[in-house]
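Protein chains in written order, with the numbering used here: chain B, 760 to 1021; chain V, 24 to 410.
Even for Gly, the Cβ is constructed at its ideal location relative to N, Cα and C.
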Ligand SMILES: Cc1ncc(COP(=O)(O)O)c(C=O)c1O
């Protein structure tokens, strides 16, 4: 179902799709559930649920601190599966796990994919697992086996050779980082983004998601003709950080509603 | 995201390996700048005092900047120049690798940024001062454990954002390929020197080679020449304050296999794969991972791993200072502490080589505090009054 659900979500495209992001257990497990439901209700087309990890290499300070806080709260990998199971039965949009490879590896690659599927995940984003290691680690083959999308992550410095390698195994969509760097909301998109995304389009037959630094409606407007999905990560966490506990839901809701373009 | 840069580095390194002019430049700088070969010293007094095996010290502390780290820094700086990079970045724990990186940056004309955990900055301030005098910028890392592993994370993140003009001069045999292989190659000069030097003293190879193990660069350097010989190789880890989680950096047997910071090896981690806190009196050994080559040598039982506690390290430091006139770095004193214990169990004809990876100048503040040196403390107070 994972693959179909993602495909369906992109087909009949009238507007750019929105993938929002949450760090599981930040600011608490309860909030993760509430916010995910609220996102689904207010126009998110996908949600990326990040399993907190002690050493999140691809993340900037915002998500890193959220991971740190979630782990301090005592969030465990088994909580992530519980939340996935609960949410997938209550929302109709596709949910994806974002996890660093050590989390998957330590759990057992096969078991992780199997349990993710059982809990209703549509796909996995594992940013620190290069395709080159597939023969050793078997992440892609296990995703295939359990019908999970294995979302490939590419960046502006990916060589043509590498884009080709990623394209060969891509499923669901490809996650293109908007700039060469780490996660974190930015004010401006890079001017070279258009040329880069056009190149990506040549290599990939799957839809293109763009993330890293996306935080404003203007960004989505710029991305709309160039890509299929915009990913909002750190920007939501910034909203949460700036809110009082009582206003978090309201503030996140307003933030997402203000982002939407037709 | 870093694969293109790693591939670029691998290519330039493979080319350099085949290129005699690289070897020539590397060896020339090792000799005329770093001060190689470093001496192998017979620890006559210590051996006699213990009345046991014959102990030799490979004094890497006599390298320029005070530790073995300068060797792989020179190697990588030449490669960075060949790649046309403008800036060197590095992580550092004890500050020795940061100091060596800042030094080659000054010598080669690179700008230089060093990432160092806030806790390590507080305990190794002399090296921070020296790095800054050399023109480097030292950036405190305030997240996570605020020690070496977090400095590695910070350096990698910075590198991801600045790959074009920056070379990440990683300071041990850890991280993604080609770093472990490359740094091991550069450091292998240490083992080769030991072999030649000991032959002159004893006419035969040692029975034991002992080295402390943080990431493993000095250990791999010393061990690599003896892997095929009938020599027992022993890596000494930081036993810290005790055997509880967070009290030490004992990867064997407390670690398990994981994939973190771009490499697969043993890590101190919990059942969810999150890295655990570590502790050591020496910042350079205070790290949850270990080089993949050493992990393999552990699994194949070619290298044995032991650990010693902070307290034993302090006693060994004092004993070596007073018997041999050498104050070792706290990291290296781990190897000394185990070497002493081992020697006591061995007959007199056995030969032990201890790799003294660095000298102890950087540790005077830690030592003065640990030895409760009142005169040093009142000196500090007076000095502060004056400034
Ligand atoms: C003197 C000295 N020895 C040993 C180490 C540990 O590193 P490695 O295990 O890579 O030799 C350090 C690291 O800072 C050091 O400064």
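C-beta contact flag for residue i and residue j at 8 angstroms
i, j, result
"residue 238 (chain V)", "residue 197 (chain V)", "yes"
"residue 188 (chain V)", "residue 375 (chain V)", "no"
"residue 970 (chain B)", "residue 183 (chain V)", "no"
"residue 790 (chain B)", "residue 1015 (chain B)", "no"
"residue 97 (chain V)", "residue 52 (chain V)", "yes"
"residue 132 (chain V)", "residue 154 (chain V)", "no"
"residue 356 (chain V)", "residue 233 (chain V)", "no"
"residue 975 (chain B)", "residue 853 (chain B)", "no"
"residue 944 (chain B)", "residue 775 (chain B)", "no"
"residue 221 (chain V)", "residue 73 (chain V)", "no"
"residue 489 (chain V)", "residue 146 (chain V)", "With chain V represented from 24 up to 410, any question about residue 489 (chain V) goes unanswered, as that position is not in the structure."
"residue 309 (chain V)", "residue 272 (chain V)", "yes"
"residue 245 (chain V)", "residue 213 (chain V)", "yes"
"residue 39 (chain V)", "residue 111 (chain V)", "no"
"residue 942 (chain B)", "residue 783 (chain B)", "no"
"residue 186 (chain V)", "residue 959 (chain B)", "no"
"residue 82 (chain V)", "residue 61 (chain V)", "yes"
"residue 194 (chain V)", "residue 113 (chain V)", "yes"
"residue 985 (chain B)", "residue 948 (chain B)", "no"
"residue 999 (chain B)", "residue 1011 (chain B)", "yes"
"residue 31 (chain V)", "residue 179 (chain V)", "no"
"residue 142 (chain V)", "residue 169 (chain V)", "yes"
Distance cut-off 7 angstroms: residue i Cβ against heavy atoms of ligand 2
i, result
"residue 185 (chain V)", "Within the structure as shown, ligand 2 is missing, the only ligands being ligand 1."
Where residue i meets chain B, residues with beta-carbon distance less than 9 angstroms
i, result
"residue 292 (chain V)", "813, 861, 865"
"residue 176 (chain V)", "814, 815, 816, 823"
Limits of the alpha helix (DSSP H) - the one that residue i falls within
i, result
"residue 1008 (chain B)", "1007-1018"
"residue 213 (chain V)", "202-225"
"residue 276 (chain V)", "274-277"
"residue 160 (chain V)", "Here residue 160 (chain V) belongs to no alpha helix (DSSP H); instead the beta strand (DSSP E) covers 160-164."
"residue 872 (chain B)", "868-877"
"residue 181 (chain V)", "171-184"
"residue 978 (chain B)", "976-982"
"residue 119 (chain V)", "119-131"
"residue 917 (chain B)", "Here residue 917 (chain B) belongs to no alpha helix (DSSP H), and DSSP marks it neither H nor E."
"residue 81 (chain V)", "Segment 77-82 is the beta strand (DSSP E) holding residue 81 (chain V); no alpha helix (DSSP H) there."
"residue 831 (chain B)", "820-831"
Cross-chain neighbours of residue i in chain V, by beta carbon under 8 angstroms
i, result
"residue 827 (chain B)", "166, 167"
"residue 835 (chain B)", "295"
"residue 940 (chain B)", "183, 184"
"residue 830 (chain B)", "297"
Chain B contact residues for residue i, given Cβ-Cβ distances below 7 angstroms
i, result
"residue 281 (chain V)", "861, 864, 865"
"residue 26 (chain V)", "889, 921"
Limits of the beta strand (DSSP E) - the one that residue i falls within
i, result
"residue 949 (chain B)", "Segment: none, residue 949 (chain B) is in no beta strand (DSSP E) and carries neither H nor E."
"residue 37 (chain V)", "Not the beta strand (DSSP E): residue 37 (chain V) falls in the alpha helix (DSSP H), residues 26-41."
"residue 777 (chain B)", "776-782"
"residue 190 (chain V)", "189-191"
"residue 414 (chain V)", "Within the shown structure, residues of chain V are numbered from 24 to 410, placing residue 414 (chain V) beyond reach of any answer."
"residue 98 (chain V)", "No beta strand (DSSP E) holds residue 98 (chain V); the alpha helix (DSSP H) holding it covers 92-105."
"residue 791 (chain B)", "Segment 788-800 is the alpha helix (DSSP H) holding residue 791 (chain B); no beta strand (DSSP E) there."
"residue 110 (chain V)", "110-115"
"residue 1023 (chain B)", "Any answer about residue 1023 (chain B) is impossible in this case: the structure gives chain B only from 760 up to 1021."
"residue 255 (chain V)", "255-263"
Interface partners of residue i on chain B, CB under 8 angstroms
i, result
"residue 179 (chain V)", "816"
"residue 109 (chain V)", "What residue 109 (chain V) touches in chain B: nothing, since even the nearest Cβ is about 16 angstroms away."
"residue 284 (chain V)", "814, 816"
"residue 172 (chain V)", "814"
Under 7 angstroms by beta carbon: chain V residues contacting residue i
i, result
"residue 918 (chain B)", "27"
"residue 914 (chain B)", "24"
Any heavy atom of ligand 1 within less than 7 angstroms of residue CB: hits in chain order: V:90, V:91, V:92, V:115, V:116, V:117, V:119, V:120, V:194, V:195, V:196, V:235, V:236, V:237, V:238, V:239, V:240, V:241, V:242, V:306, V:307, V:308, V:352, V:354, V:355, V:380, V:381
Using a Cβ distance threshold of 8 angstroms, determine whether the region 881-900 of chain B contacts the region 986-998 of chain B, with at least three qualifying pairs required. no
Decide yes or no for the touch test of the region 326-333 of chain V against the region 250-261 of chain V: beta carbon pairs closer than 8 angstroms, at least 3 of them. yes
Would you call the region 200-214 of chain V and the region 349-358 of chain V in contact, with 3 or more CB pairs under 8 angstroms? no
Touch check for the region 870-877 of chain B and the region 921-930 of chain B: three-plus C-beta pairs under 8 angstroms? no
Decide if the region 296-303 of chain V is in contact with the region 905-925 of chain B; the criterion is three or more beta carbon pairs, one per stretch, under 8 angstroms apart. no
Determine contact between the region 360-377 of chain V and the region 314-326 of chain V, defined as no fewer than three beta-carbon pairs at a distance below 8 angstroms. no
Cβ pair count under 8 angstroms reaching 3, the region 387-400 of chain V against the region 79-96 of chain V: no
Taking 8 angstroms as the cut-off, does the region 796-815 of chain B touch the region 837-856 of chain B (at least 3 CB pairs, one atom from each stretch)? yes
Stretch pair the region 137-152 of chain V + the region 362-370 of chain V: three plus CB contacts closer than 8 angstroms: no
Evaluate the contact criterion for the region 276-296 of chain V versus the region 854-873 of chain B: three or more CB pairs, one atom per stretch, below 8 angstroms. yes
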